[in-house]
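**Student:** This is the structure, below, for whatever I ask next.
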Amino acid sequence: MNCTKHPNVPAVAQCSNCGAGVCTECAEITEPARESCGVLCVDCYKGELERTITSAKKKNGKRLTRVLISSILYLIGVIAAICGVLEIMDGAGDGVPILILGIVLCGLYTGLTWKKAAQDKHDRDEMQNGATYVITDDGIYKKDAFWLKLVYFFIGVALGVIMTPVNVIRGSVTYAKFKKLIKGMQKELSALN
Ligand SMILES: [Zn+2]
Ligand SMILES: [Zn+2]
């Protein structure tokens, strides 16, 4: 059997995806995907590379959105908190509500993430053990873990006040790293075409 891409060169392996003959040169080109996909021919490797690029791009886009939303909320929160503190020091008006609003805004994104985690936990429990119900004079209500979600939300907010800047920095660094990786893969792909 000869290499499908290089008809005069004997194949050393078969593509694990399409069965095409793969020569030493082709095997070297597709080496980066060896561990996850086995030996690939160049065409299947290109397809694999395209899929990887698409999903990495999508993930990185979501990462950037997360970073932007949480940093914008944090910024507004800090401004509100400072306004609240200034008003309290001024003694003119009641700055406490705006201070609290500022703190909640700072941690809002993390709070919502934690609330979602509580919802997921509740859904899992419901699936495993069945739903639970409360009977009152007004009727029967399905328990929706309201307090659990509220507690999780506020734990998230409290953590978010401290953790958001760290997460924003970490998220931005990861975003830049993946952007570079994607660029490298795109370069590799266009070199193959
Ligand atoms: Zn193939
Ligand atoms: Zn070949």
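497 is the number of the first residue of the sequence shown in our numbering; add one for each residue after it.
For each residue, glycine too, the CB sits at the ideal point set by N, CA and C.
These figures come from a predicted structure and were not determined experimentally.
Would you tell me roughly how many angstroms separate the C-alpha atoms of Lys612 and Glu544, rounded to the nearest one?
**Tutor:** Indexing the sequence shown from 1 puts residue 612 at position 116. Indexing the sequence shown from 1 puts residue 544 at position 48. Each residue's alpha carbon lies about 33 angstroms from the other.
**Student:** Compute every distance between the C-beta of Lys612 and the non-hydrogen atoms of ligand 2, then say whether any falls below 6 angstroms.
**Tutor:** Counting from one through the sequence shown, the residue named residue 612 turns up at place 116. Answer for Lys612: no, Cβ out of range of ligand 2.
**Student:** Over the uninterrupted alpha helix (DSSP H) stretch that includes Gly543, give me the two end residues.
**Tutor:** For the purposes of this step, residue 543 is taken as residue 47 along the sequence shown, with counting starting at 1. Counting along the chain, the alpha helix (DSSP H) containing Gly543 begins and ends at Val538 to Asp586.
**Student:** Tyr671: which of Leu582, Lys554 and Leu597 sits nearest, CA to CA?
**Tutor:** The residue you call residue 671 lines up with position 175 of the sequence shown. Taking only the C-alpha atoms, the option nearest Tyr671 is Lys554.
**Student:** Closest to Phe674 by CA distance: which of Gln615, Val647, Thr660 and Arg559 is it?
**Tutor:** Taking the sequence shown and counting its residues from 1, the one referred to as residue 674 is at position 178. Of the candidates Gln615, Val647, Thr660 and Arg559, the one whose C-alpha sits nearest the C-alpha of Phe674 is Arg559.
**Student:** What do you reckon, is the C-beta of Cys519 under 6 angstroms from a heavy atom of ligand 2?
**Tutor:** The count along the sequence shown starts at 1 and reaches residue 519 at position 23. Within the cutoff, so yes.
**Student:** Any chance the CB of Lys501 is under 6 angstroms from a heavy atom of ligand 2?
**Tutor:** For the purposes of this step, residue 501 is taken as residue 5 along the sequence shown, with counting starting at 1. Yes, ligand 2 has a heavy atom inside 6 angstroms of this Cβ.
**Student:** By the DSSP assignment, the beta strand (DSSP E) with Lys638 in it spans what residues?
**Tutor:** Working through the sequence shown from its first residue, we reach residue 638 at position 142. Element bounds for Lys638: Gly635 to Lys638.
**Student:** What does the alpha-carbon distance come out to for the pair Val630 and Lys542?
**Tutor:** In the sequence shown, residue 630 corresponds to position 134, counting from 1. In the sequence shown, residue 542 corresponds to position 46, counting from 1. So the alpha carbons of these two residues sit roughly 57 angstroms apart.
**Student:** Cα separation between Ser551 and Lys501?
**Tutor:** By one-based count along the sequence shown, residue 551 stands at place 55. By one-based count along the sequence shown, residue 501 stands at place 5. One C-alpha to the other measures close to 27 angstroms.
**Student:** Going by the DSSP bridge assignment, what does Ala509 pair with across the sheet?
**Tutor:** Along the sequence shown, one-based indexing puts residue 509 at 13. Answer is Val518, bridged to Ala509.
**Student:** Do Gly580 and Ile594 have their C-beta atoms within less than 7 angstroms of each other?
**Tutor:** Numbered from its first residue, the sequence shown carries residue 580 at position 84. Numbered from its first residue, the sequence shown carries residue 594 at position 98. Against a cut-off of 7 angstroms, the Cβ pair of Ile594 and Gly580 comes out as a contact.
**Student:** In the DSSP assignment, find the beta strand (DSSP E) that holds Thr632 and state where it starts and stops.
**Tutor:** By one-based count along the sequence shown, residue 632 stands at place 136. Note, Thr632: beta strand (DSSP E), Tyr629 to Thr632.
**Student:** Should Ser686 be labelled buried (16 or more other beta-carbon atoms within 10 Å of its own) or exposed?
**Tutor:** For the purposes of this step, residue 686 is taken as the residue at position 190 of the sequence shown. Exposed, by the Cβ-count rule.
**Student:** Which residues have their C-beta within less than 5 angstroms of a heavy atom of ligand 1, listed in chain order?
**Tutor:** Per the Cβ criterion, the list is Cys511, Asn513, Cys514, Ala516, Cys537 and Cys540.
**Student:** In angstroms, rounded to a whole number, what distance separates the CA positions of Val535 and Ile525?
**Tutor:** Counting from one through the sequence shown, the residue named residue 535 turns up at place 39. Counting from one through the sequence shown, the residue named residue 525 turns up at place 29. Rounded to the nearest angstrom, the two C-alpha atoms are 10 angstroms apart.
**Student:** Could you work out which residue in Gly557, Gly517 and Ser532 is closest to Asp539 when comparing CA atoms only?
**Tutor:** Here residue 539 refers to the residue found at position 43 when the sequence shown is read from its first residue. Considering only alpha carbons, the answer is Gly517.
**Student:** If you compare alpha carbons, which of Val657, Met497 and Pro503 is closest to Val574?
**Tutor:** On the sequence shown, residue 574 is found 78 positions in, with the first residue counted as 1. Of the listed residues, the one whose Cα sits closest to Val574 is Val657.
**Student:** Please list, in chain order, all residues of the same chain as Pro506 whose beta carbon is under 6 angstroms from its beta carbon, the five residues on each side excluded.
**Tutor:** By one-based count along the sequence shown, residue 506 stands at place 10. The residues are Asn498.
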